[in-house]
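Each residue of the sequence shown is one higher than the one before, starting from 513 at the first, in the numbering used here.
Virtual Cβ for every residue (Gly too), placed ideally from N, Cα, C.
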Amino acid sequence: MAAARPVWAIAGALLGLLVAVVVVASVRVFTAPDAATLLDNDQPGEAIARLRNEMPSWRALARIWPSQFRDALANRLIVQSGALQAMNRGEEALRTADEAVAIYQDLAAERPGKYAPDLADALDHQSRLLAADDRLAEALAALQVAVRLYRNLAAAEPARYLPSLAECLTCEAGWLAEIELAGDALAAVHEATDICQDKLPWQQLPSCAARAMLLEGELLCGLARYREAARLLATGWRMAAGQQQQQDLLRDAIPAIRSAYRADPEHFTAVWQAETGAEPPDWLST
Numbered sequence: 513m514a515a516a517r518p519v520w521a522i523a524g525a526l527l528g529l530l531v532a533v534v535v536v537a538s539v540r541v542f543t544a545p546d547a548a549t550l551l552d553n554d555q556p557g558e559a560i561a562r563l564r565n566e567m568p569s570w571r572a573l574a575r576i577w578p579s580q581f582r583d584a585l586a587n588r589l590i591v592q593s594g595a596l597q598a599m600n601r602g603e604e605a606l607r608t609a610d611e612a613v614a615i616y617q618d619l620a621a622e623r624p625g626k627y628a629p630d631l632a633d634a635l636d637h638q639s640r641l642l643a644a645d646d647r648l649a650e651a652l653a654a655l656q657v658a659v660r661l662y663r664n665l666a667a668a669e670p671a672r673y674l675p676s677l678a679e680c681l682t683c684e685a686g687w688l689a690e691i692e693l694a695g696d697a698l699a700a701v702h703e704a705t706d707i708c709q710d711k712l713p714w715q716q717l718p719s720c721a722a723r724a725m726l727l728e729g730e731l732l733c734g735l736a737r738y739r740e741a742a743r744l745l746a747t748g749w750r751m752a753a754g755q756q757q758q759q760d761l762l763r764d765a766i767p768a769i770r771s772a773y774r775a776d777p778e779h780f781t782a783v784w785q786a787e788t789g790a791e792p793p794d795w796l797s798t
């Protein structure tokens, strides 16, 4: 019994050290102002500085107690990636997002019911960074996994996940159109516009709603389906008009609107009046 005392003493000391590490790391992490709040308040530099100090604590916690803290580490990595992206540090942002996605993939494989939403969000973020790095094929692959996850989630909780599904579908359609897969792009964006028009109240429409309408209208015009395009173009124009951040959408939609008007001016005018409550723009007849 006496010979065993040093072993127990060593074990107790190690356990005490482990507890001390966890406590110190927890205090550092949970008493610091939230980096996500700094990022939301348009302070990415401050968020990066805060995360630089606290990430060693998150990594220590995730290493010591992975079942409790790996998801927290992944969450911090996504915040860090967003802050790096906002500071135009795209390569670092993507590398950080890749690490977060890898963690969420492992977690979702073990507990899909809990971690599928986090994985979908992380893949969505990762895909946009890949696209910004001109890696469109990889971006599409990541986003299409996110779309499948959101579609499954929306089947159970439509009000919560349909807006995210519509956002991803609209983004996917835009990228598919860029690589001239018009049929696939039209299918994706039609699903998005169907969500916006028929499955969500107007108060819950995602920010992509106008873009989805205009994009589907443009794709339909490319297939010479002008009468179908007219209503979508008019609705998308009405939704985007007056919003400064969506002026580029209006400019990009002008060629399709001209095409739809010239194909059938009478039909287009009637649809435009019904959807917008106004006459078609003067520049259509000049």
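| Check | Outcome |
| --- | --- |
| In whole angstroms, give me the CA-to-CA distance for M725 and L717. | 12 Å |
| Can you say whether S569 is buried or exposed, counting buried as having 16 or more other CB atoms within 10 angstroms of its CB? | buried |
| Look up A753 in the DSSP assignment and say whether it is helix, strand or coil. | coil |
| Use the C-beta contact count for G789: other C-beta atoms within 10 angstroms, 16 or more gives buried, fewer gives exposed. | exposed |
| Taking contact to mean at least 3 C-beta pairs separated by less than 8 Å, is the segment 688-701 in contact with the segment 666-679? | no |
| Assuming M599 and G557 form a contact by the criterion Cβ under 8 Å, report the distance between their Cβ atoms to the nearest whole angstrom. | 6 Å |
| Determine the contact status of G748 and A765, defining contact as a CB-CB distance below 8 Å. | yes |
| Whose CA, out of R571, Q759, A668, E740, lies closest to the CA of A584? | R571 |
| One question on the structure: do A678 and C708 come within less than 8 Å of each other, judged by their Cβ atoms? | yes |
| Expressed to the nearest angstrom, what Euclidean distance is found between the alpha-carbon atoms of C720 and S579? | 36 Å |
| Are the CB atoms of A614 and L631 nearer to each other than 8 Å? | no |
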